[in-house]
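Colleague: There's a structure below that I have some questions on.
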Amino acid sequence: MNPYAKLTFSLSLVLGTTITISSNHWMAAWTGLEINTLAIIPLISKSHHPRAIEAAIKYFLVQAAASTLLLFSSMINAWHTGQWDITQLNHPTSSLLLTTAIAMKLGLVPFHFWFPEVLQGSPLTTALLLSTLMKFPPITILLLTSHSLDPTLLATMAIASAALGGWMGLNQTQIRKVLAFSSISHLGWMSIVLIYNPKLTLATFYIYCTMTGAIFLTLNTTKSFKLSTMMTSWTKTPVLNTTLMMTLLSLAGLPPLTGFLPKWLIIQELSKQEMTAPATIIAILSLLSLFFYLRLAYYSTITLPPNPTNLMKQWHANKPASTLIAALSSMSTLLLPLSPMILALI
């Protein structure tokens, strides 16, 4: 892709995200979401592979439908209340339509079908954007309207997302699909606590973005797309693979790594709100996700030489890992263990 075109699309992504997260008016938020959608489509389809084209079309159709529902929701609310302010979502039908629209944009169950397929058809860097930056504007809209949403509906969708994300990820061999189902599962954790503590949802999203960023950038460096190539990447970058294993265990939520912190705080918050049953169910469902994270971590540390005839031999890479990977991996693993020391220094 032409560097100038790539720069234009990247700047459009930043612009669209900024417009949506800083707007109070429904039309401005909708405009930002549309700019985002139109900017990411060329980045998805830039390889011109049939799977990439298919992913771009699926993404466009789903996002267009979600944007239509969002616009419809805001118009119904304006019709009944005379308000275009995002925080003044008072009509129950508007609230239901908005929840549906944002669930489609994020990939929450039962509107999750497009997400693994689109991620599988995208390059790793675009898949990283789809898993992190593209989810930021819809989550911001959810935060602004959290007081108007239906708690039972959100809790049901959250538990279903955690269950399906864990269950469907068990049988995957494509790493991007595994990470897509991991994203669906994490969105369930974010959604269940959204109404009771929106700041905790945002903190969970930031930590998830840090860990996912480290994993995607590491996979992009080692060019690992499947479990079979992951098994032979040890000979290429042993230190990076060890770091990848730690980051995967952190994403699984194992103590004392960073990923344990949001799950711990969410379960604590749900217990305070006397939601012991949903907290117990979602904690048990996280064991499903733990299984495939452990499998990925196990495959990342297998020291097989690249001996199959259909694989290009991959030995030690001359190119060093980037500083960004080092920073993100450090934050993904050490933020929780070092937090007492950081608090003591402050």
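So the mapping is simple: my numbering equals the position in the sequence shown, first residue as 1, plus 52.
Yeah, the Cβ is synthetic: ideal placement off N, Cα and C, and Gly gets one too.
At least one CB of chain B closer than 8 Å to the CB of P307: is that the case?
Modeller: The displayed structure is made up of one protein chain only, and chain B is not part of it.
Colleague: Please name the residue, chosen from M242, Y248, I267, that lies closest to A255 on a Cα-to-Cα basis.
Modeller: Here the closest residue by C-alpha is M242.
Colleague: Excluding sequence positions up to five away, which residues of its chain have a Cβ less than 8 Å from the Cβ of S213?
Modeller: Only L160, V161, H164, I236, S237, L239, G240, S243 meet the Cβ criterion.
Colleague: Would you mind giving the Cβ-Cβ distance between F233 and P168, rounded to the nearest angstrom? I have them listed as a contact below 8 Å.
Modeller: So it is a contact: roughly 6 Å between Cβ atoms.
Colleague: Among L252, L231, G217, Y350, whose alpha-carbon lies nearest the alpha-carbon of W286?
Modeller: With distances taken between Cα atoms, W286 lies closest to Y350.
Colleague: Kindly indicate which three-state DSSP category P389 falls into: helix, strand or coil?
Modeller: Helix at P389.
Colleague: Please report the Cβ distance between Q325 and Y248, rounded to the nearest whole angstrom; I am assuming they are in contact, meaning their Cβ atoms lie under 8 Å.
Modeller: Right, their Cβ atoms sit about 5 Å apart.
Colleague: Where does K157 land, buried or exposed, given buried means 16+ other C-beta within 10 angstroms?
Modeller: That one is buried.
Colleague: Note down, one range per segment and in chain order, each alpha helix (DSSP H) of at least 4 residues found wholly within the stretch 240-288.
Modeller: Those alpha helix (DSSP H) runs which fall completely within the stretch 240-288 and span 4+ residues are 250-274, 279-283.
Colleague: What residues in its chain sit with their C-beta under 8 Å from that of V230, if we drop five residues either side in the sequence?
Modeller: G221, Q224, F344, L348, listed in sequence order.
Colleague: Which residue spans inside the stretch 104-169 form an unbroken alpha helix (DSSP H) run of at least 4?
Modeller: Those alpha helix (DSSP H) runs which fall completely within the stretch 104-169 and span 4+ residues are 144-158.
Colleague: Where does S374 land, buried or exposed, given buried means 16+ other C-beta within 10 angstroms?
Modeller: It counts as exposed.
Colleague: Assign T72 to one of three DSSP states: helix, strand, or coil.
Modeller: The answer is helix: DSSP assigns T72 an H, G or I state.
Colleague: Can at least three beta-carbon pairs, one atom from the stretch 141-148 and one from the stretch 122-130, be found at a separation below 8 Å?
Modeller: These segments touch.
Colleague: Among the residues of its own chain, which have a CB less than 8 Å from the CB of L292, if the five just before and after it don't count?
Modeller: Taken in chain order, the residues that qualify are T270, T273, T274, A373, I377.
Colleague: Could you say which of H199, P189, M263 lies nearest to V245 if we only look at CA atoms?
Modeller: Of H199, P189, M263, the residue nearest in Cα terms is H199.
Colleague: Where does H100 sit, in a helix, a strand or coil, going by DSSP?
Modeller: Coil.
Colleague: Measure the C-alpha to C-alpha separation of A179 and G84 and round it to an integer number of angstroms.
Modeller: Taking the straight line from one Cα to the other gives about 20 Å.
Colleague: What residue from H100, L206, L339 has the CA that sits closest to T152's CA?
Modeller: If we check each option's Cα against that of T152, L206 comes out closest.
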